[in-house]
Amino acid sequence: MNQTRPGPVQYALLALLAAAFLYPIWWAVSSSLKPAADIITDPLSPGPVTLDNYRAMFADVPIGTGFANTALVLAVKGAMTMFFCPLAGYAFAKYAFPGKNLLFGIVLLTLMLPTLVLIIPLLLEMSALGWVNTYQALILPGSIDAFSIFWMRQTIAAIPDELIDAGRVDGASEFGVFARVVLPVIRPGLAALAVLTTMNIYNDFVWPVVAVNDTSHQTLQVVLSTLAQNVTGNRIGADFATVWGELLAAGSIAMLPLLVIFVLLQRHFINGILAGSVKG
1 MNQTRPGPVQ
11 YALLALLAAA
21 FLYPIWWAVS
31 SSLKPAADII
41 TDPLSPGPVT
51 LDNYRAMFAD
61 VPIGTGFANT
71 ALVLAVKGAM
81 TMFFCPLAGY
91 AFAKYAFPGK
101 NLLFGIVLLT
111 LMLPTLVLII
121 PLLLEMSALG
131 WVNTYQALIL
141 PGSIDAFSIF
151 WMRQTIAAIP
161 DELIDAGRVD
171 GASEFGVFAR
181 VVLPVIRPGL
191 AALAVLTTMN
201 IYNDFVWPVV
211 AVNDTSHQTL
221 QVVLSTLAQN
231 VTGNRIGADF
241 ATVWGELLAA
251 GSIAMLPLLV
261 IFVLLQRHFI
271 NGILAGSVKG
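Residue numbers 1 to 280, in our numbering, belong to the letters of the sequence shown in order.
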């Protein structure tokens with residue numbers, strides 16, 4: 001089957017789109033390395049490189065605490081998602097049990113509920129359990145979510161039943177079949193789920209700001225949301241340029257982990273996204 005290669009016009013359009021998407025990132029990083037006053041007086045031109053914004057930001061903002069809390073939540077909550085959701089997807093895809101379709105339909109219905117609708121019931125539940133201002137409140141709600149179960153169910157459903165039956169004939173247990181037969185096949189889907197889960201947990205703001213109100217448990221996004229107040233509160237007479245310089249410095253540091261994760265997993269992520277679009 002002949003495939004048409006992109007021409008110069010297509011490459012030029014792609015280059016323009018890439019530049020349009022990358023320019024804001026370049027501007028944020030380059031501006032964070034400029035003197036604060038130059039960000040306001042000459043926002044488009046690169047200036048002399050300085051780390052003053054970063055030094056001031058680390059002195060004024062507990063960004064290290066935010067990173068540590070986010071890393072803890074991401075590690076535990078992400079591990080729960082990556083362990084339990086593929087198992088649930090496997091059950092929905094390859095097992096027959098009474099009420100399976102009804103139960104899966106209920107799971108899908110929860111995707112239609114806006115996050116804001118669930119905040120008050122979840123907060124009341126956390127309060128009844130005594131989990132407000134705890135890591136349990138940050139980790140457990142949403143750790144096993146409907147989208148991840150649906151994603152894994154659709155990915156695993158494409159595996160031929162004969163392949164799974166062959167593993168059972170060889171004497172593998174049900175969990176052994178899942179670990180030795182299913183998991184190697186769905187690695188692209190798992191990588192895509194890992195990237196999406198990392199992004200969702202890392203960027204989550206609404207629930208952490210509701211469930212936690214003490215600084216020792218604040219995640220990175222909550223810390224960033226209060227950065228301007230911290231800068232002006234810790235430094236008397238801090239001007240607009242100073243706040244912007246530290247905001248850009250904090251934002252540049254905050255986006256690095258996601259960029260690294262995406263670069264490392266981009267091939268598997270793209271393969272996982274496209275896995276269901278082509279039938280072999």
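In this text, a Cβ means the ideal position worked out from N, Cα and C, and glycines have one as well.
Residue i burial status per 10 Å Cβ neighbour count (16 or more: buried)
i, result
"residue 64", "exposed"
"residue 10", "exposed"
"residue 177", "buried"
"residue 101", "exposed"
"residue 153", "buried"
"residue 242", "buried"
"residue 223", "buried"
"residue 216", "exposed"
"residue 278", "At residue 278, the pLDDT of 46 sits below 50, so the modelled position is not reliable; the number obtained from the coordinates is stated separately. Answer is exposed; the Cβ neighbour count stays below 16."
CB contact flag (residue i, residue j, <8 Å)
i, j, result
"residue 156", "residue 77", "no"
"residue 206", "residue 70", "no"
"residue 32", "residue 248", "yes"
"residue 67", "residue 220", "yes"
"residue 184", "residue 271", "no"
"residue 245", "residue 53", "yes"
"residue 74", "residue 201", "yes"
"residue 159", "residue 132", "no"
"residue 141", "residue 122", "yes"
"residue 149", "residue 107", "yes"
"residue 199", "residue 109", "no"
"residue 146", "residue 111", "yes"
For residue i, the three-state DSSP class (helix, strand or coil)
i, result
"residue 131", "coil"
"residue 97", "coil"
"residue 302", "With the chain covering only 1 through 280, there is no way to say anything about residue 302."
"residue 155", "helix"
"residue 143", "coil"
"residue 35", "coil"
"residue 1", "For residue 1, the pLDDT reaches just 47, beneath the cut-off of 50, and the residue's location in the model is therefore unreliable, although a value from the coordinates is still provided. Correct three-state label for residue 1: coil."
"residue 229", "helix"
"residue 70", "helix"
"residue 205", "coil"
"residue 78", "helix"
"residue 249", "helix"
Open item on the list: Taking contact to mean 3 or more Cβ pairs, one atom from each stretch, closer than 8 Å, check whether the region 87 to 101 and the region 110 to 124 are in contact.
Closed with: Flag = no, the region 87 to 101 and the region 110 to 124 do not touch.
Task: Touch test, the region 78 to 86 against the region 167 to 177, Cβ-Cβ under 8 Å, three pairs minimum - done: No, they do not touch.
Open item on the list: Is it the case that the region 46 to 63 contacts the region 189 to 196, given that we only count it when at least three CB pairs across the two stretches are under 8 Å?
Closed with: No: the two stretches stay apart, fewer than three of their Cβ pairs being nearer than 8 Å.
Task: Cβ contact (3+ pairs, closer than 8 Å) linking the region 200 to 217 and the region 133 to 143 - done: When Cβ pairs closer than 8 Å are counted between the two stretches, the region 200 to 217 is seen to touch the region 133 to 143, the count reaching three or more.
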